[in-house]
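2 protein chains.
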Amino acid sequence: MNWKNEISAAAGRIAGYAQVTPVMESHSLGLDYPVEMKLEHLQHTGSFKARGAFNTLLSQDVPKAGVVAASGGNHGAAAAYAARSLGHPAKIFVPEIAGPSKIALIKRTGADLSVVPGEYANALTEAQAHEDASGAMQIHAYDAPATVAGQGTCFAEWEAQGLQADTLLIAVGGGGLIAGALAWLQGARKVVAVEPETSCALNAALHAGEPVDVTVSGIAANALGARRIGSICFDLANGMGSVLVSDDAIVQAQQVLWRAHRILVEPAGAAALAALLSGAYTPAPDERVAVLICGGNISPDPLAA
Amino acid sequence: MNWKNEISAAAGRIAGYAQVTPVMESHSLGLDYPVEMKLEHLQHTGSFKARGAFNTLLSQDVPKAGVVAASGGNHGAAAAYAARSLGHPAKIFVPEIAGPSKIALIKRTGADLSVVPGEYANALTEAQAHEDASGAMQIHAYDAPATVAGQGTCFAEWEAQGLQADTLLIAVGGGGLIAGALAWLQGARKVVAVEPETSCALNAALHAGEPVDVTVSGIAANALGARRIGSICFDLANGMGSVLVSDDAIVQAQQVLWRAHRILVEPAGAAALAALLSGAYTPAPDERVAVLICGGNISPDPLAA
Chain B
1 MNWKNEISAA AGRIAGYAQV TPVMESHSLG LDYPVEMKLE HLQHTGSFKA RGAFNTLLSQ
61 DVPKAGVVAA SGGNHGAAAA YAARSLGHPA KIFVPEIAGP SKIALIKRTG ADLSVVPGEY
121 ANALTEAQAH EDASGAMQIH AYDAPATVAG QGTCFAEWEA QGLQADTLLI AVGGGGLIAG
181 ALAWLQGARK VVAVEPETSC ALNAALHAGE PVDVTVSGIA ANALGARRIG SICFDLANGM
241 GSVLVSDDAI VQAQQVLWRA HRILVEPAGA AALAALLSGA YTPAPDERVA VLICGGNISP
301 DPLAA
Chain C
306 MNWKNEISAA AGRIAGYAQV TPVMESHSLG LDYPVEMKLE HLQHTGSFKA RGAFNTLLSQ
366 DVPKAGVVAA SGGNHGAAAA YAARSLGHPA KIFVPEIAGP SKIALIKRTG ADLSVVPGEY
426 ANALTEAQAH EDASGAMQIH AYDAPATVAG QGTCFAEWEA QGLQADTLLI AVGGGGLIAG
486 ALAWLQGARK VVAVEPETSC ALNAALHAGE PVDVTVSGIA ANALGARRIG SICFDLANGM
546 GSVLVSDDAI VQAQQVLWRA HRILVEPAGA AALAALLSGA YTPAPDERVA VLICGGNISP
606 DPLAA
């Protein structure tokens, strides 16, 4: 696949649907070097997922039965939002760990929502059954080319906004976002995967030499808790850097973002920064670093009605 | 005063101390036109006030007794932050309506903080007494040239970031920020003042033909509740547009910013947008509008330790 072309086409397709998200450079994170940040949590429905959802729906014929998605919450909200924006019905399956904020967010889109016991993989099983029974089109959360190409637009956009960094740190769940980064950057910049110690499907796959099942838990599990890394991501991830962060380090990074910059994010949104703050990743003296702030759907919702 | 020169000098002075804040354009605020936004609430200590504080301290000799400031909260936090950054002691007076979030924010800077009963004007009286007794240098919250020039850097920066708008909507308390806008823009773009119905010192002054005392109350009073508009602002505000918004409209705008973009702000930070959402200001068909998101120190603090 010519990923550069796919991502450029996706960027053209989703222009006017996805939000162009702002970027900033911070010297105030308690580190002795600056950090570039892209505030992708300001995207529609609070995460980068809207990019992949719009690209999927705008690049394929959507059946009358509409769309179906399984999600820890963020992808479901994005799929529901994109479907509503384009006039399609949406059926969303989320695990109960999605939590009240994300469930309320999806309900506000008007989607037909089912909350499934257990973890993300269970929601995916139900979504696949619904796809088979209804003929609805599945928008995969991470392991489909249109999803990856959509997420890749985030990095094309960032480069157009003047990204300087040598190295990007990106939180990983199923791997759609980091696959988009790898697919766009093609080695032009270093990409480092950051996963919670308790939800580390990519790290486990890199160690095993193939995708393997992991158990998932922890505070970021509803966003980063994929049981197995996506195959597209794994194929692109050959030899890449991978670090792990603790839940405590993630909470600390949430606090730093809020206190230093009034950036309020969910645990997954702070995970990449946590790798710098905790020392899980230490840049070389002249290495310029950037972190993608990927999700803002915090629970409890501070403005819950 | 040659304000353009003053503001350009201020911008050079505070570079590397103040945060360059990001900008974005939203089509998702429930309006049938786009809105440019500058996310100035991501500034150090959560509001534009850091600009004026740094400019004041960097343009004048600071006495050994350090600095003193009276503040509804945001200016005090900014003055304390700037003082600490530059190695000066700080004494801050806030009224009790500053609230626990802003009081905790100031305490985290290590400043010597006094909480004064009543409204902002009472804190100002005590700060002036402290200035007289100690020889500390007062950083006025809004009615001093160095403060206004510092706040004006926000608009110089925004223009350099590609601001397109014909019209800027800006929330007004004592008038330091909007004075900075008027001083920088010099009529090149329209500026509209937005005040809460219950804290409207500029609106009252424009109607009276001179600054007059008003009573202040309402949800934004700790940020926008000046008893009397600053004289610098009033002199620059000749003939400008002025609109009022209700507390309900402000709360609604806070919800819209959070739900559409995961931008969490205090009431004052949403006031300018509230003028658009409520119809208090309706742009002409081809008029491009921008709102400055000026403050993010919401209470209760969603991540209070």
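So the sequences go chain by chain: B and C. For the first sequence, the numbering used here assigns the number 1 to the initial residue and increments by one for each residue that follows. For the second sequence, the numbering used here assigns the number 306 to the initial residue and increments by one for each residue that follows. The C-beta atom is built at its ideal place from N, Cα and C for all residues, glycine as well.
For Lys64/B, the three-state secondary structure derived from DSSP is coil.
By the neighbour-count criterion, in which a residue is buried when 16 or more other Cβ atoms sit within 10 angstroms of its Cβ, Glu515/C is exposed. Under a criterion of Cβ atoms nearer than 7 Å, the residues of chain C adjacent to Gln254/B are, in order, Leu608. Under a 10 Å Cβ-count criterion, Thr21/B is classified as buried, with 16 or more other Cβ atoms of the shown protein chains found around its own Cβ. DSSP places Ala476/C in the uninterrupted beta strand (DSSP E) bounded by 472 to 476. Look at Ile534/C here: in three-state DSSP terms it is coil, with no helix or strand label. Inter-residue distance for Pro405/C and Pro302/B is about 16 Å (C-alpha atoms, whole angstroms).
Contact annotation: Val192/B and Tyr281/B have beta-carbon atoms nearer than 7 Å. For Arg318/C, no CB of chain B lies under 7 Å from its own CB, so it is not counted at the interface with that chain. When C-alpha distances from Val251/B are compared across Glu266/B, Ala171/B, Gln43/B, the shortest belongs to Glu266/B. Distance check between Pro196/B and each of Thr167/B, Gly187/B, Arg227/B, Tyr142/B places Arg227/B closest, using alpha-carbon atoms only. Within the region 12 to 32 of chain B, the residues whose Cβ lies closer than 9 Å to any Cβ of chain C are, in chain order, Gly16, Gln19, Val20, Thr21, Pro22, Val23, Met24, Glu25, Ser26, His27, Ser28.
The beta-carbon of His261/B is placed less than 7 Å from the nearest beta-carbon of chain C.
Under the 7 Å criterion on CB atoms, Gly467/C is classed as non-interfacial with respect to chain B. Sixteen is the threshold: when 16 or more other Cβ atoms of the shown chains lie within 10 Å of the Cβ of Ala323/C, as they do, the residue is buried. Under the DSSP definition of a beta bridge, Met37/B partners with Met24/B, Val291/B.
Using beta-carbon distances, Leu42/B counts as an interface residue toward chain C, with a partner under 7 Å. Flagged as an interface residue toward chain B: Trp563/C, by a C-beta distance shorter than 7 Å.
Interface with chain B (7 Å Cβ-Cβ cutoff): Leu569/C is included. Gly296/B is the residue among Arg108/B, Asp235/B, Gly296/B whose C-alpha sits nearest the C-alpha of Gly46/B. Close CB contacts of Glu119/B within its chain, under the 8 Å cut and outside five residues either way in sequence, are with Pro95, Ile97, Val216, Ala221, Gly225, Arg227 (chain order). Ile7/B is a Cβ neighbour of Gly152/B, given a cutoff of 7 Å. At a C-beta separation below 7 Å, Leu344/C has these neighbours in chain B: Pro22. Using beta-carbon distances, Gly535/C does not count as an interface residue toward chain B, since no partner is under 7 Å. Fewer than three Cβ pairs drawn from the region 59 to 69 of chain B and the region 30 to 43 of chain B lie within less than 8 Å of each other, which leaves the two stretches out of contact. Assignment of beta-bridge partners to Lys190/B by DSSP yields Thr167/B. Straight across, the Cα-Cα distance linking Trp184/B with Arg564/C is about 30 Å.
Contact between the region 145 to 162 of chain B and the region 48 to 55 of chain B is present: 3 or more CB-CB pairs across the two stretches fall below 8 Å.
When Cβ-Cβ separations below 7 Å define contact, Gly601/C makes contact with chain B.
Straight through space, the alpha carbons of Val596/C and Gly72/B are spaced by roughly 34 Å. A distance of 7 Å or more separates the beta carbons of Met1/B and Pro63/B. Within a 10 Å sphere around the beta-carbon of Val517/C sit fewer than 16 other beta-carbons, which makes this residue exposed. In the displayed model, Glu210/B falls within coil according to three-state DSSP, outside both helix and strand. Tyr142/B and Ala589/C have their alpha carbons spaced roughly 43 Å apart. By alpha-carbon distance to Val116/B, the top candidate from Ala275/B, Gly135/B, Lys91/B, Val67/B is Lys91/B. Sequence-distant partners of Ala388/C (beyond 5 residues in either direction) whose C-beta falls short of 6 Å from its own C-beta, in its chain, are Val372, Ala395.
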